[in-house]
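Taking the numbering used here, the leading residue of the sequence shown gets 136, the next gets one more, and so forth. Reviewing the structure listed below.
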Amino acid sequence: MRCTARMKVSILFLMALVFSGCATTQDVRILDREINRLQSQVNALQKEGQREKETLHKETQKEKEAHSREWAALRSEWKNELNTEIKKLQTDLLFRIDKNETEIRILTTGLDEYKDFAKRPSRDVERIREDVILRTRVLEERSKHLEERNRAFEEKNRAYEERTKGLEEKIRILEDRLRGAEGKVDQVASKQVEAEKAMVTMKEKEKEKEAAPEVKGPPSLVTGMGEIYKDAYETFQRGDMEAARRKFEAFLKQYPNTDLSDNAQFWIGETYYARKDYEKAVLEYEKVIAKYPEGDKVPAALLKQGLSFLELGDKANARNLLRRVTDRYPQTEQADIARKRLETIK
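Pasting the structure below:
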């Protein structure tokens with residue numbers, strides 16, 4: 136636009152010079168060149184304007200086509216959604232129509248049945264009434280029978296409660312006897328300790344006086360054995376189970392096959408039992424039974440094995456071991472204790 140305005144001003148200026156008569160031939164040529172140059176600029180501007188117009192037209196056309204495609208896509212999407220919604224509504228409507236038709240058929244059937252019932256003769260109605268009365272009587276009789284059974288059940292329940300009370304009393308008595316038996320076990324153990332002490336002392340004195348045929352080794356060896364065993368006993372009595380166990384084990388390493396060896400092995404099991412390590416106690420008692428089957432400690436080892444299994448919750452093994460004590464050694468104190476404990480195992 137600025138170039139066009141300047142061109143117009145230049146043309147007017149030159150024309151004014153020509154018309155004023157002051158222009159020369161050279162001025163005219165200059166004017167012609169200027170006019171040609173301006174004409175070229177005008178043409179260039181016209182072409183540029185035409186190109187811009189065409190470019191704008193093309194862009195406008197593209198935007199129009201893009202809008203058309205977008206509108207077509209939206210219209211297609213709306214159409215699909217509308218068709219889908221219409222189909223859903225049609226399906227729902229058909230379902231409701233079918234449901235209503237089904238209900239109508241049910242109501243119609245019920246109405247027809249009611250009409251047929253109303254048309255029946257009165258004796259049919261009377262027969263139905265008598266049938267209802269008869270069934271009512273049967274139900275009443277059954278109800279009475281159930282009440283009688285309920286009363287009998289309550290009586291049995293009361294008898295069962297009384298029996299339960301009696302059993303609880305027996306259990307209490309058995310528990311008292313069990314506590315007495317446990318006290319007796321402790322007494323037996325104490326007696327065994329005292330008896331073994333006396334036996335050790337007596338053997339020491341006898342072996343000091345004379346060399347018995349069954350004693351192997353010199354009197355000094357026998358005296359040393361008795362001292363080691365006595366020291367282990369005294370340690371056990373003081374309650375130092377770990378030290379007592381070590382001393383009894385040392386005794387067995389030095390004297391594995393003497394008259395006191397089965398006793399020492401039994402008291403090793405007792406150290407574990409006192410510490411409530413029942414599994415190890417069972418294993419040590421088993422060594423008494425396996426290594427010294429003719430020894431005096433076998434009944435006690437079987438009894439304490441049974442009590443250990445009972446503490447571990449293994450009632451089956453406990454019951455079997457206690458029965459072995461009563462069957463094999465019926466006249467011993469261990470058998471009396473085993474019988475009382477068997478009475479408490481359910």
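Note that the Cβ used here is the ideal one computed from N, Cα and C, for glycine as well.
{"Item": "Quick one: residues in its chain with C-beta nearer than 7 Å to the C-beta of I165, no 5 flanking neighbours on either side, listed in chain order?", "Value": "none"}
{"Item": "Does the separation of the CB atoms of T467 and P434 fall below 8 Å?", "Value": "yes"}
{"Item": "Could you please give the first and the last residue of the uninterrupted alpha helix (DSSP H) stretch that includes P434?", "Value": "433-446"}
{"Item": "Over what stretch of residues does the alpha helix (DSSP H) that includes T461 continue unbroken?", "Value": "450-463"}
{"Item": "Along the alpha helix (DSSP H) that carries Y390, what are the first and last residues, could you check?", "Value": "From DSSP, Y390 is part of no alpha helix (DSSP H); its letter is neither H nor E."}
{"Item": "Go ahead and pull the three-state DSSP assignment for T226.", "Value": "helix"}
{"Item": "Leaving aside the five residues before and after K422 along the sequence, list all residues of the same chain whose C-beta is less than 6 Å from its C-beta, in chain order.", "Value": "Q400"}
{"Item": "For T159, which of helix, strand or coil comes out of DSSP?", "Value": "coil"}
{"Item": "Hey, could you find the ends of the alpha helix (DSSP H) T406 is sitting in?", "Value": "396-409"}
{"Item": "What are the boundary residues of the alpha helix (DSSP H) that T467 is part of?", "Value": "No alpha helix (DSSP H) holds T467; DSSP gives it neither H nor E."}
{"Item": "Span of the alpha helix (DSSP H) holding K422?", "Value": "413-426"}
{"Item": "My output table needs one value for K481: the three-state DSSP class, helix, strand or coil.", "Value": "coil"}
{"Item": "So what does DSSP say about R373, is it helix, strand or coil?", "Value": "coil"}
{"Item": "Helix, strand or coil for E216, going by three-state DSSP, please let me know.", "Value": "helix"}
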